[in-house]
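A.B. asks:
Chains as they are written, first to last, in the numbering used here: chain H, 247 to 554; chain D, 377 to 808.
#1: Who are residue 558 of chain D's beta bridge partners in DSSP?
#2: Would you say residue 784 of chain D faces chain H, with C-beta separation under 7 Å as the test?
#3: Given that residue 487 of chain H touches chain D, what residues does it touch there, using C-beta distances under 8 Å?
#4: Count the other C-beta atoms from every protein chain shown that fall within 10 angstroms of the C-beta of residue 608 of chain D, then say buried if there are 16 or more, exposed otherwise.
#5: Step through the CB atoms of chain H and report whether any lies within less than 7 Å of the CB of residue 497 of chain D.
#6: Indicate the three-state DSSP secondary structure (helix, strand or coil) for residue 358 of chain H in the structure shown.
#7: For residue 318 of chain H, return the contacting residues in chain D, with the cut-off set at a CB-CB distance below 8 Å.
#8: Quick one: list the residues of chain H neighbouring residue 767 of chain D, beta-carbon separation under 7 Å, in chain order.
#9: Any idea if residue 593 of chain D is buried or exposed, counting beta-carbon neighbours within 10 angstroms, 16 or more meaning buried?
#10: According to DSSP, simplified to helix, strand and coil, what is residue 618 of chain D?
#11: Just the chain H side, please: which residues come within less than 7 Å of residue 494 of chain D by C-beta, in chain order?
#12: Between residue 582 of chain D and chain H, is the shortest Cβ-Cβ distance under 7 Å, so that the two count as touching?
#13: Looking only at DSSP bridge pairs, what is residue 487 of chain D linked to?
#14: What's the C-alpha gap between residue 439 of chain D and residue 457 of chain D?
#15: Is there a Cβ of chain H sitting closer than 7 Å to that of residue 756 of chain D, yes or no?
#16: Report yes or no: is there a C-beta of chain H within less than 7 Å of the C-beta of residue 408 of chain D?
#17: Would you give the residue range spanned by the beta strand (DSSP E) that residue 726 of chain D belongs to?
#18: Counting Cβ pairs closer than 8 Å, one from the stretch 498-507 of chain H and one from the stretch 401-411 of chain H, do we hit at least three?
#19: If you follow the beta strand (DSSP E) that residue 427 of chain D is part of, which residue opens it and which one closes it?
#20: Kindly give me the distance between the Cβ atoms of residue 525 of chain H and residue 512 of chain H, rounded to whole angstroms, as I take these residues to be in contact under 8 Å.
#21: What residues from chain D crowd round residue 538 of chain H, counting only those whose CB sits closer than 8 Å?
#22: Looking at the strands, I want to know which residues DSSP matches up with residue 529 of chain D.
#23: Going by beta carbon distance, what residues of the same chain come within less than 8 Å of residue 433 of chain H, once the five residues before and after it are set aside?
#24: Assign residue 487 of chain D to buried or exposed, taking buried as 16 or more other Cβ atoms, counted over all protein chains shown, within 10 Å of its Cβ.
#25: Could you pull the DSSP bridge partners for residue 291 of chain H from this structure?
#26: Between the C-alpha atoms of residue 461 of chain H and residue 293 of chain H, what's the straight-line distance to the nearest angstrom?
#27: Under 7 Å, Cβ to Cβ, is there at least one residue of chain D near residue 526 of chain H?
#28: Classify residue 281 of chain H: buried if its beta carbon has 16 or more other beta carbons within 10 angstroms, exposed otherwise.
#29: Leaving out five residues before and five after residue 620 of chain D in sequence, what residues of the same chain have Cβ atoms less than 7 Å from its Cβ?
#30: Please state whether DSSP places residue 602 of chain D in a helix, a strand or coil.
#31: What span of residues does the alpha helix (DSSP H) with residue 513 of chain H cover, start to end?
#32: When you compare each of D:528, D:574, D:675 to residue 558 of chain D by their alpha carbons, which one comes out closest?
#33: Alpha carbon to alpha carbon, what distance is there between residue 448 of chain D and residue 461 of chain D?
#34: Can you tell me which of the three DSSP states residue 438 of chain D falls into?
#35: Taking Cβ-Cβ distances shorter than 8 Å, what residues in chain D pair up with residue 531 of chain H?
#36: Given that a residue counts as buried once 16 or more other Cβ atoms are within 10 Å of its Cβ, and exposed if not, what is residue 313 of chain H?
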């Protein structure tokens, strides 16, 4: 009875397939697909103090947001932020990976040390940056250090000229995410065949910059593109450090107005102001934007194309 | 549950055992999920016919949480069939509350500030029958207006708050300065009192945008939203903000302190010589600084202006989607209308707040002397608030303009024109 046995095996394989896939599929449907569809319907509704779509107003929420100075300014803010943070994270994490990869002893120690900040919550790190490191009083950590050189205490957060708050925002994210991207680069570095370096040495290539320029960096192309991509998407989704260092709506709104990324603006629009229609529309606009930038980046760096 | 945890920890020896432990595991997960779901829903207190859930934001003053639980227990002692479950909500109370009100599991009773959309969305129940003429006349017209939408009352004021410009008398005296009566005098005083590690004035870590965004224009005779019209785009309001910029640029403001304007630490710890704060902090300040403290309303913009302060505070409301509206109203009536003892304890036993009941505010001993007496007088004359039609999107639009004026140094008139245009759009959305 081999046929029967086979179909029994098939059935049990099918059963196993559904047994494993169903929970994930259910989760995906309940927590991702339904909210996306619901959110889209909300974005077409006048949903003030309600999360029930129904009072449909077409694309007015989208039109309102795209003519809203504050929302447009938030898009500019996030582009500027990405312009700072993405190249900086890329350079620092690549540099750290090269250094850690180079040392013979203590590699796993340094790898762990640099990775640990990735495990810290953005909220906690933001509060440490705000209250302890970049506190505006003379006894704040940074003010104390610059005080040793005779400088006056600086109000790091809350003044526009010069905009020191960018230093606070960029350094906290740098500290938090560099370790993670360093690990990705390290994995990439370890994938590069030793034979390439040996061949280069045999051919008499001087070690150092030429090897880095002509072997290491080209071999890291796929890794670099994914680091850039992840980094850019994370930058566009920035919320925690802005919300916790500068503030959302309310208490310190005068600081929040200085640099408000789109997610903070949409959060205050949807949750403080309870306008879920415009909040949802903003979410879709932002998604479209991230999508477009990612495609553009892929076009420029050739991500997803066939390996040459 | 004990067996489950054992089978989860020990590696399975055979397929049969593994089967059993997997089933146990699933059962455990189901029980845990069930427990979580139960935790999210309403739980009735045994013995009581009705359990009312009541939300408060986290008050900073010591003893307040114990006080509200005590009031709730006292009510249950009198009405054994009604139990009150008090929920003390830390963090972003406003967002948590409005999110809870969107669902069926929202609190029966809560505190907050009434906005028109809450009424339009039928989130709050009208409370007019708690206000017979004798009760109504014991509330100030401004407190009633703050809690009314389209002629109906939706909020029951539990406490009135107001702002005070606190100053260290000794420091002013040493510098030979009188308490400032106008903005020019305030700027001069703030500069004169800035010395060493001490700044002249603390208005909050955003340089006073959040704390004085309304108060400064009020001191120039301006206003924001009157009879469903945006009215802040005027030269008066512009000059009030430009004067605030002069104060910002003076270098005398403390910015970047660990606590904000609503707490008294900057003043008490000597980081600033003057501070804009709340009457609620007065007991803390008086305890730390004794007689060395004076207080007044925000000074007039100029000779044509007048002192200004805000009328704030919290109102109790009933969830219109709740299952026990009548019971909730009866409880609120007992809590804040029938007996004045609870209101006196609540307003004056912990921090300092002005009792909304006029009869009580007039007779309460702690409010008859010194800084507190002045604050109550100023509140009665100059206290203002924004109407329920003003929403946070308008607040954001105005704050963006004010930040541009104060911090980025942009001219006030065009900024206010932009903000007014945006607020008008928001208002028409709100009224549609």
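For each residue, glycine too, the CB sits at the ideal point set by N, CA and C. All values reported here derive from a predicted model rather than from experimental measurement.
C.D. replies: Short version:
#1: D:676
#2: yes
#3: Those within 8 Å of residue 487 of chain H in chain D number zero; the least Cβ separation is about 16 Å.
#4: buried
#5: yes
#6: helix
#7: Simply none; closest approach about 12 Å.
#8: 519
#9: buried
#10: helix
#11: 295
#12: yes
#13: D:692
#14: 27 Å
#15: no
#16: Bear in mind that a pLDDT of 47 at residue 408 of chain D, under 50, signals an unreliable position, so the number given afterwards is only what the model happens to contain. By this cut-off, residue 408 of chain D is not an interface position.
#17: Taken as a continuous stretch (DSSP letters only), residue 726 of chain D belongs to no beta strand (DSSP E), as it is neither H nor E.
#18: yes
#19: 426-433
#20: 5 Å
#21: The premise fails here: residue 538 of chain H is roughly 26 Å from chain D at the closest Cβ pair, so nothing lies under 8 Å.
#22: D:524
#23: 469
#24: buried
#25: H:302
#26: 56 Å
#27: no
#28: exposed
#29: 584, 588, 592, 782
#30: strand
#31: 508-513
#32: D:675
#33: 8 Å
#34: coil
#35: None at all; the shortest Cβ gap to chain D is about 17 Å.
#36: exposed
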